[in-house]
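Reviewing the structure listed below.
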Amino acid sequence: PNNARASISNNSWGGPTNGNVYGSLEALYDGMVLDGSTFSTIDPFTIVFSAGNSGPGSLSLTRPKTAKNVISVGNSENIRTELGGSSANNIDDLRSSSSRGPAADGRIKPDIIAPGSYISGSRAGSGSGVSGQIDANHSFSIGTSHAAPQIAGVAALFTQFWKDNNDGVNPSPALVKAAIINTAQEMNGVNTAAPVPNGDEGWGRVNMKFMFNTAVPMKYINQTVPFTDPGQNIIYTGRVGDSTKPFRISLVWSDPPGVADPALVNNLDLTVTVGGLTYRGNVFSNGVSVTGGSADTKNNVENIFLPAGIAAGTPVTIQVAATSLNGNGILGNADTTDQNFALVAYNSTEQQLPPVSKNKA
19 PNNARASISN
29 NSWGGPTNGN
39 VYGSLEALYD
49 GMVLDGSTFS
59 TIDPFTIVFS
69 AGNSGPGSLS
79 LTRPKTAKNV
89 ISVGNSENIR
99 TELGGSSANN
109 IDDLRSSSSR
119 GPAADGRIKP
129 DIIAPGSYIS
139 GSRAGSGSGV
149 SGQIDANHSF
159 SIGTSHAAPQ
169 IAGVAALFTQ
179 FWKDNNDGVN
189 PSPALVKAAI
199 INTAQEMNGV
209 NTAAPVPNGD
219 EGWGRVNMKF
229 MFNTAVPMKY
239 INQTVPFTDP
249 GQNIIYTGRV
259 GDSTKPFRIS
269 LVWSDPPGVA
279 DPALVNNLDL
289 TVTVGGLTYR
299 GNVFSNGVSV
309 TGGSADTKNN
319 VENIFLPAGI
329 AAGTPVTIQV
339 AATSLNGNGI
349 LGNADTTDQN
359 FALVAYNSTE
369 QQLPPVSKNK
379 A
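Under my numbering, the residue at position 247 of the sequence shown is numbered 265, and the numbers go up by one with no gaps.
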């Protein structure tokens, strides 16, 4: 009635498992994130999916949860010991039935974890979707179908936060995803193959304390830099804000739909130098970023997570580079091989110099 188009969709459903292979259904949803409407306008769409309840075996995500651009959500415990006893006493425990990754081509899936066990609500009946009754008016249930709406709610809160601070303009789905993943916390309870990232918990459980009122400087890039040729890069400089807090960089881009595995079409690479030490995106050991390693060639999500203890004021350089451009990542122009990106930096000051835009490497 008010002509306002939805920008977030929660999907607590799924098809059968298929060994976490990328196919036409996954490509369809990747395309919908880039443009989710049938209007002549381009309308990006944040799509959240429940990972499925086919665990604990690996490669058990239900379709289309291996899509690159959607946010796939696994199921952790809620704190409801009065309902679930030891099965609802630790937020760092992953529910054994939560479907598992990674994607068949090695991409990190699921993306994030949220509570989905012993979630209560009003009682409407005793059908198969209800796990148990609390009283005459309330029921409880278990599954990733309950975890995904929590992430959709986080996406809505971040969207409102962004709109309030950016003249009412929506954040891109890539920025929403980067902001959510940037908050992820290692789960050290049962049923997780620690450390992150892994195919059980993805990047970990969501924690909104790392998203709002963080008390540290935050930096956001919301698809403002178009890469049109391979070899282009952009560099931002800044400094670590607080030595008592971790330092985190999350890069996400909405990749064009693929055809089959490997699913990645446009390959961007994240490189961050902190106090003279250089880190590449997704090179991790024991849950934290380490120097060395090789650039990621599979994922359209790249993270650098460093623990607290880096001295405040330590110089930081963030580089995003277009390694290969094979598809249309920016709709609405004549270029069919281009890509933009979103970036969230936690505990990093604004750049001290203007960014060097679209230089050839």
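Here a beta-carbon is modelled for each residue, glycine too, at the ideal position from N, C-alpha and C.
Euclidean distance between Cα positions of residue i and residue j
i: S76; j: L112; result: 14 Å
i: Y40; j: P280; result: 8 Å
i: Q370; j: V258; result: Low confidence applies to Q370: its pLDDT is 45, below 50, so where it sits in the model is not reliable enough to give any reading.
i: A340; j: Q250; result: 5 Å
i: A106; j: D182; result: 36 Å
i: S117; j: F245; result: 35 Å
i: D185; j: T242; result: 16 Å
i: I252; j: W271; result: 15 Å
i: D48; j: R223; result: 23 Å
i: G327; j: L295; result: 14 Å
i: A24; j: I60; result: 13 Å
i: A278; j: I152; result: 46 Å
Candidates the options, of which the one nearest residue i by Cα
i: T315; options: V243, V283, N351; result: V283
i: F230; options: V362, I89, G49; result: V362
i: N71; options: A45, E100, D356, S30; result: S30
i: T255; options: R141, L175, E368, S140; result: E368
i: V301; options: G293, F176, G311; result: G311
i: F158; options: V187, S190, I137, R125; result: I137
i: G54; options: S190, S104, T99; result: S190
i: N317; options: P62, A22, S114, G124; result: G124
Same chain, Cβ closer than 6 Å to residue i, five either side skipped, listed in chain order
i: L193; result: N240, A360
i: V290; result: I267, Y297, I322, I336
i: N346; result: P274, T354
i: G207; result: N108, D110, D111
Cβ distance (whole Å) where residue i is taken to contact residue j below 8 Å
i: L288; j: V338; result: 6 Å
i: V172; j: M226; result: 6 Å
i: A69; j: S90; result: 5 Å
i: A10; j: V66; result: A query on residue 10 cannot be resolved here, the shown segment of the chain reaching from 19 to 379 and no further.
i: L286; j: A196; result: Not a contact, Cβ separation roughly 12 Å.
i: L52; j: L343; result: No, L52 and L343 are not in contact; Cβ-Cβ is about 15 Å, not under 8 Å.
i: W221; j: A202; result: 4 Å
Sequence-distant residues of its chain with Cβ nearer than 8 Å to residue i (five each side left out)
i: V234; result: G259, D260, K263, Y364, N365
For the region 76-93 and the region 24-44, state whether three or more C-beta atom pairs, one from each stretch, are separated by less than 8 Å.
-> yes
Please confirm if the region 121-135 is in contact with the region 94-112, defined as three or more CB-CB distances below 8 Å between the two stretches.
-> yes
On the three-pair Cβ rule with 8 Å, is the region 321-340 touching the region 302-309?
-> yes
Are the region 148-166 and the region 113-132 touching by the rule of at least three beta carbon pairs closer than 8 Å?
-> yes
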